[in-house]
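Enquirer: Here it is, the structure in full.
Residue numbers (the working numbering): 23 to 1069.
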């Protein structure tokens, strides 16, 4: 957009000096200025007539007579005009909507400049009148330097278009275009405002909300000009009532109860139903109650009771279920300790929590630290079994406990990562458990007799979700066999045990084969995702035909704070609304509610709030603060998560206000890892960040400055592995001579380099020697995202983890036809060792013979289902998928076109359509095909609009239906952002692709493009369209499925 300011008059050289002085003023005044972005309600749609881009609309509002009079009086006292007061009001509103306290607003003036930019700092604790005095001085200086035309100032300073929010009076001269402008005029005894907005930028609802907020600020200024500026709120009236009442009205009459009371009620209602399923058989509610009563009496005899802690050093097992219930019956809080944690971590937890009793198994006792006077109960010790058999299995009452058990006593303690390097124990009472359990039963639709998978690590608070979802309702916990639950193994557990409900983190859920998700697991009614962000692709795969709920919550608020409605395919799921008897607030730094659609920090209050951190009163006071919106004495928890309310009244998760991250569903404070790293003698400085430089989950990367110029990543990884859980050990280590700093001396995290894949190859590199080793090194390199793998390199030192371990096992199964045990890579950590094991566990299956082409081919079960759904609701887009690639540097358009054509010739799925032949749904593979490429030009659009237009262009493409009969089912869109900057979107229908194959397509497209651009392609022109030397014919999904299923 070009500013349409008054023409610059001809001037003699005598004026140039004055202009130079004024330009120097504007350079000083506007140095470092950024235009705060107000929430956008609408973006210009690509391809529309740009002549309508400047179309505007107006929303008018009247300032009440009392407030108008107050503003006139305030203006007179301050020596300002009402129009200048309006600048202050707009600056306050913009600050509240953006969180930016450095705000610039444009004001129309009767000077040659026509418009001046007024920059104010709204930080600090001053009064409204004090802020106005500073603004008055700024306006005076601006007027004194307003001889230079605004267009000249903009050009000299390189200011971005358009102008910031503009304020002008009714008689102002023609003004430069602005996305938002306030026109103010008197109408009798009252002020009338008109908010003029570009309809390409804002919708009417957003403009109405902005106008209402502006009116609220006007009224606050008129009512109390001596009040604190920080207390001026831009949210009022109906919006405030919606944010603080309607959206968080979650009251449900649930009487508080302790965990033993909830369990014993379920026992009375369902005495013979199974409470626990495992390979050892079933345990009924009556049997579980009896076993827990005996153990509770032993714990009481050893000193356990209210306000005490019982540590449970136990794996996922029947024993930990018994022990959790027993500790609760004794009145103590149970502390689950994952025995897979490093010994030093376990030692810290036990030393910090000071449990009165430790419950464990014989095989784990030797690995426990010295417990001093703490009693240890070894459940599978024969002496313990004999002692338990002598105890009564009747109900445990307060008469036997060391003190009466109350709902405000601790129920459990869960340790989470600590930013200072010290983990912290979160103490949660019984008070919120009854409400939480009842809410789970309602939202997840749990009923007596259902089966809940015990998926989570015992030390993760999701294990409490599984406990409260099952036993109090009369449902059973299913204890899986030991080992990681991923991929086919996870699908097998779900199917074998007829699991009806499970909470599975997105990273683990993504490993389950798509056929199992689409067509298998008939008993699996409810899938709960949580612990990390859930993708739209996962929703598209798992939600149809099931109840899928996205659940969110910090440990400090009884596991779950908010959850979504049942999900449907289409878009990234929100984290939803607060659960029963829980209130959430989205606040700014001054604890003011932020307007709808504006990002703020999430605070939580309600029945489920934790008591605080174990023996950490200072940290508890810092994170659990007084609730200004509740009854006196009520607290709320500061989560550190940044969210916003959308127009549907649901919360959307945006990120963190601090550096805390989620890795594999676990909350991780990088500061704790940094503290541990910095204690190593070879490390001078250390920084740990979560990066996502390749497809898949985020991974931790450690940046270290060595003491003597070098540090051994293997030694550092082993050192951390002895201190921290495996999910907290960085996947990559990068050595730097010094940490990058910003101009103000702070760490510049954006300047931290991505790990170099080449740097992961050690100096002792040995290449593969056999076909098996060559195949394995290719698999490892592809999964780990490195360029080259030597046969002696350690899988986990190259960045491997349990999720990537599963991917390697899946690739090995596909390549060699062998089924290796899930923990093989943990024992055979090098390619050389792994290659030796493959013949020991199986043989290479004979390759599947390609079927003849030229005829209709059958559909796989997943394809049949998608084809049926398309026939049922033609034109739907819920199964559209896509991946966007940002292309930087000169783009060879002909090479890109050639690469897309070659890709279509290499993969039959890209040339496949779906039709009906003789009454049967079939797939038809065309001998030739192409991927259509559509071009969108955005390089001529203003920079500040470009991102919004790009988002809309990509969304429009993904919302275009595919025709399964006519095809093509793969399309490409190329968006030009600048001469050397493009975005390429590949969109496909899910019937021809899945999340696993996208990476292959992208890698091949990059290789084909490089070959075409460098004239090294294996493609040769044979007529109008290039074709490639084709690899052996691939297998269609339907044929592959039938061969392996024996059909």
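Backbone N, C-alpha and C fix where the C-beta goes; we use that ideal spot for every residue, glycine too.
Identify whether residue 783 lies in helix, strand or coil by the three-state DSSP scheme.
Expert: With a pLDDT of 45 at residue 783, under the threshold of 50, the modelled position of this residue cannot be trusted; read the value that follows with caution. The answer is coil: DSSP assigns residue 783 none of H, G, I, E or B.
Enquirer: Threshold first: 4 residues or longer. Then list the alpha helix (DSSP H) segments lying entirely within the segment 386-470, N to C.
Expert: Complete alpha helix (DSSP H) runs here, min 4: 404-411 and 455-465.
Enquirer: Please specify which runs of the beta strand (DSSP E), each continuous and at least 3 residues long, are wholly inside the segment 270-307, giving them in chain order.
Expert: Listed in chain order, the complete beta strand (DSSP E) runs (minimum 3 residues) inside the segment 270-307 are 296-300 and 303-306.
Enquirer: Output the boundary residues of the alpha helix (DSSP H) element that contains residue 90.
Expert: Start and end: 87-100.
Enquirer: Pairs of beta-carbons, one from the segment 660-671 and one from the segment 416-425, closer than 8 Å: are there three or more?
Expert: Touching, no, given that fewer than three Cβ pairs across the two stretches are closer than 8 Å.
Enquirer: Of the choices 1034, 381 and 948, whose alpha-carbon is the least far from that of residue 917?
Expert: If we check each option's Cα against that of residue 917, 1034 comes out closest.
Enquirer: Compare the beta carbon distance of residue 397 and residue 316 with 8 Å and say whether it is the shorter of the two.
Expert: Against a cut-off of 8 Å, the Cβ pair of residue 316 and residue 397 comes out as no contact.
Enquirer: Return the first residue and the last residue of the beta strand (DSSP E) that residue 941 is part of.
Expert: Neither: residue 941 is in no beta strand (DSSP E) and is coded neither H nor E.
Enquirer: Could you tell me which uninterrupted beta strand (DSSP E) segments, each at least 3 residues in length, are contained entirely in the segment 114-146, listed from first to last along the chain?
Expert: Entirely contained in the segment 114-146, the beta strand (DSSP E) runs reaching 3 residues are, in chain order, 124-130 and 137-143.
Enquirer: Kindly indicate which three-state DSSP category residue 370 falls into: helix, strand or coil?
Expert: Three-state result, residue 370: helix.
Enquirer: Which of the three DSSP states is assigned to residue 660 in this structure?
Expert: Reduced to three states, the DSSP call for residue 660 is strand.
Enquirer: Just how far apart, CA to CA, sit residue 405 and residue 427?
Expert: The alpha-carbon atoms of residue 405 and residue 427 are separated by roughly 29 Å.
Enquirer: When you compare each of 136, 494 and 811 to residue 470 by their alpha carbons, which one comes out closest?
Expert: Of the listed residues, the one whose Cα sits closest to residue 470 is 494.
Enquirer: Could you check what DSSP says for residue 1046 in three-state terms: helix, strand or coil?
Expert: Residue confidence for residue 1046 is low, a pLDDT of 29 falling below 50, so the modelled location carries little weight and cannot support an answer.
Enquirer: What alpha helix (DSSP H) runs, 4 residues minimum, are completely inside the segment 921-997?
Expert: As far as the segment 921-997 is concerned, its whole alpha helix (DSSP H) runs of at least 4 residues are 965-980.
Enquirer: Considering only C-alpha positions, which residue in the set 113, 818 and 261 is nearest to residue 847?
Expert: Here the closest residue by C-alpha is 818.
Enquirer: Kindly provide the ranges of any beta strand (DSSP E) runs that are 3 or more residues long and lie completely inside the segment 218-279, ordered along the chain.
Expert: Correct list: empty.
Enquirer: Could you tell me if residue 580 is buried or exposed, where buried requires 16 or more neighbouring beta carbons within 10 angstroms of its beta carbon?
Expert: Classification for residue 580: buried.
Enquirer: Between the Cα of residue 150 and the Cα atoms of 572, 248 and 815, which residue gives the shortest distance?
Expert: Out of 572, 248 and 815, 248 has the C-alpha closest to the C-alpha of residue 150.
Enquirer: Hey, quick one: how far does the alpha helix (DSSP H) through residue 491 stretch, first residue to last?
Expert: That run of the alpha helix (DSSP H) goes 484-492.
Enquirer: Just the Cα atoms here: how many angstroms apart are residue 968 and residue 904?
Expert: If I take the Cα positions, the gap works out to 20 Å.
Enquirer: Using CA atoms only, rank isn't needed, just tell me which of 935, 989 and 951 is closest to residue 944.
Expert: Ranking the options by Cα distance to residue 944, first place goes to 935.
Enquirer: Within 8 Å, do at least three Cβ pairs link the segment 691-701 to the segment 737-751?
Expert: With the cut-off at 8 Å, the segment 737-751 and the segment 691-701 touch.
Enquirer: Would you say the segment 374-387 touches the segment 508-516, given that touching needs at least three Cβ pairs under 8 Å?
Expert: With the cut-off at 8 Å, the segment 374-387 and the segment 508-516 do not touch.
Enquirer: Whole angstroms is fine: what's the gap from residue 41's alpha carbon to residue 911's?
Expert: The straight-line gap from Cα to Cα measures roughly 40 Å.
Enquirer: Output the distance between the C-alpha atoms of residue 326 and residue 332, rounded to the nearest integer angstrom.
Expert: So the two alpha carbons sit approximately 7 Å from each other.
Enquirer: Give the DSSP bridge partners of residue 548, in chain order.
Expert: Partner(s): 523 and 569.
Enquirer: Would you check if the distance between the CB atom of residue 958 and the CB atom of residue 1001 is smaller than 8 Å?
Expert: No, the Cβ-Cβ distance between residue 958 and residue 1001 is not below 8 Å.
Enquirer: Could you have a look at residue 702 and say whether DSSP puts it in helix, strand or coil?
Expert: Of the three classes helix, strand and coil, the one that applies to residue 702 here is coil, per DSSP.
Enquirer: Check this for me: beta carbons of residue 154 and residue 110, under 8 Å apart or not?
Expert: Yes, the Cβ-Cβ distance between residue 154 and residue 110 is below 8 Å.
Enquirer: Contact between the segment 586-603 and the segment 549-568: three or more CB pairs below 8 Å?
Expert: The segment 586-603 vs the segment 549-568: in contact.
Enquirer: When DSSP labels each residue in this structure, what does residue 827 get in the three-state scheme?
Expert: Helix.
Enquirer: Is the distance from the Cβ of residue 242 to the Cβ of residue 218 below 8 Å?
Expert: No, these two residues do not count as a Cβ contact at 8 Å.
Enquirer: For residue 88, count neighbouring C-beta atoms within 10 Å of its own C-beta (all shown protein chains included) and say buried if the count is 16 or more, exposed if not.
Expert: It counts as exposed.
Enquirer: Relative to the C-alpha of residue 263, which candidate in 175, 352, 963 and 615 has its C-alpha closest?
Expert: For the residues 175, 352, 963 and 615, the minimum Cα distance to residue 263 belongs to 615.
Enquirer: At 3 residues or longer, and completely inside the segment 569-593: list those beta strand (DSSP E) runs for me, N to C.
Expert: DSSP runs (the beta strand (DSSP E)) wholly in the segment 569-593: 569-574.
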